[in-house]
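Have a look at the structure below before the remarks.
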Amino acid sequence: MRFPRHARIFKGQLDAAPFAGVFFLVLIFITFNSQLVFTPGVRVELPQAEGLPGTANPTISVVVDRSGQFYFENQIIAEPELKQRLLAAAEKTRNSGAQLTLVVLADTLTPNAVLFQLGELAREAGIKELLQATRPGTPPAPRKAPLQ
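In terms of our numbering, the sequence shown opens at residue 12 and continues consecutively.
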């Protein structure tokens with residue numbers, strides 16, 4: 012069965028208005044991207060550092076925001092409840108023959124007293140290793156090869 016062909020090759024000038032409209036829509040979406048998409052979680056700005064050691068032990072994470080509020084497993088948690096959860100996690104890993112490491116994700120503006128308080132909670136729970144999470148520094152600029 013043959014179908015009639017009505018397609019013709021376009022030989023005129025393209026209208027710029029549709030392209031400009033699409034361009035401005037894309038521009039609006041890109042500029043307001045952070046406001047259009049809700050990112051769950053707590054906004055924490057980690058301090059910057061390079062070359063810090065990690066750990067091979069099992070880890071558990073606690074987030075501390077700039078106001079000193081603790082977050083555990085993406086939930087706001089009070090200090091007594093956090094201590095109980097850390098005790099339970101440390102006991103569970105101790106039974107499996109490993110040592111638990113607490114990774115603290117603290118905002119750069121978190122008071123030091125809150126971090127010391129969290130370290131004391133971890134020590135009371137039986138966690139002996141505490142690491143503070145950092146974000147990597149900016150990579151060095153590539154060096155140009157000498158001209159020969």
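Note that CB positions come from ideal geometry on N, CA and C, so glycine has one too.
Notebook entry, point to check: What did DSSP end up calling A42 once you bin it into helix, strand or coil?
Noted result: Along the sequence shown, one-based indexing puts residue 42 at 31. Sequence check: residue 42 is Thr here, not Ala. Helix at T42.
> Comparing alpha-carbon positions, which option in P122, L113 and N68 lies nearest E84?
Replying inline: Here the question's residue 84 lines up with position 73 in the sequence shown. Comparing Cα-Cα distances from E84 to each of P122, L113 and N68, the minimum goes to L113.
| task | Answer yes if the segment 117–126 comes into contact with the segment 85–95, meaning at least three C-beta pairs across the two stretches below 8 Å, and no otherwise. | result | no
How would you call A101, buried or exposed, if buried means at least 16 neighbouring beta carbons within 10 angstroms?
Working through the sequence shown from its first residue, we reach residue 101 at position 90. With 16 or more Cβ atoms within 10 Å of its Cβ, A101 is classed as buried.
Item to check | Proximity below 8 Å, CB of F67 to CB of T145 | outcome: Mapped onto the sequence shown, residue 67 falls at position 56. Mapped onto the sequence shown, residue 145 falls at position 134. Looking at the sequence shown, residue 67 is not Phe but Ala. Taking 8 Å as the Cβ cut-off, A67 and T145 do not qualify as a contacting pair.
Coil, strand or helix - V33 by DSSP:
The sequence position of residue 33 within the sequence shown is 22, counting from 1. In this structure, V33 counts as helix in the three-state DSSP scheme.
- Task: Would you mind reading off the limits of the beta strand (DSSP E) that contains V55?
- Result: Sequence index remark: in the sequence shown, residue 55 carries index 44 (1-based). Per DSSP, V55 belongs to no beta strand (DSSP E) and is neither H nor E.
Own chain partners of L141 with C-beta closer than 6 Å, once the 5 adjacent residues on each side are dropped | For the purposes of this step, residue 141 is identified with residue 130 of the sequence shown, where counting begins at 1. L113, G130 and A133.
Could you tell me which residues DSSP pairs with E102 in its beta bridges? Here residue 102 refers to the residue found at position 91 of the sequence shown. DSSP lists no partner for E102.
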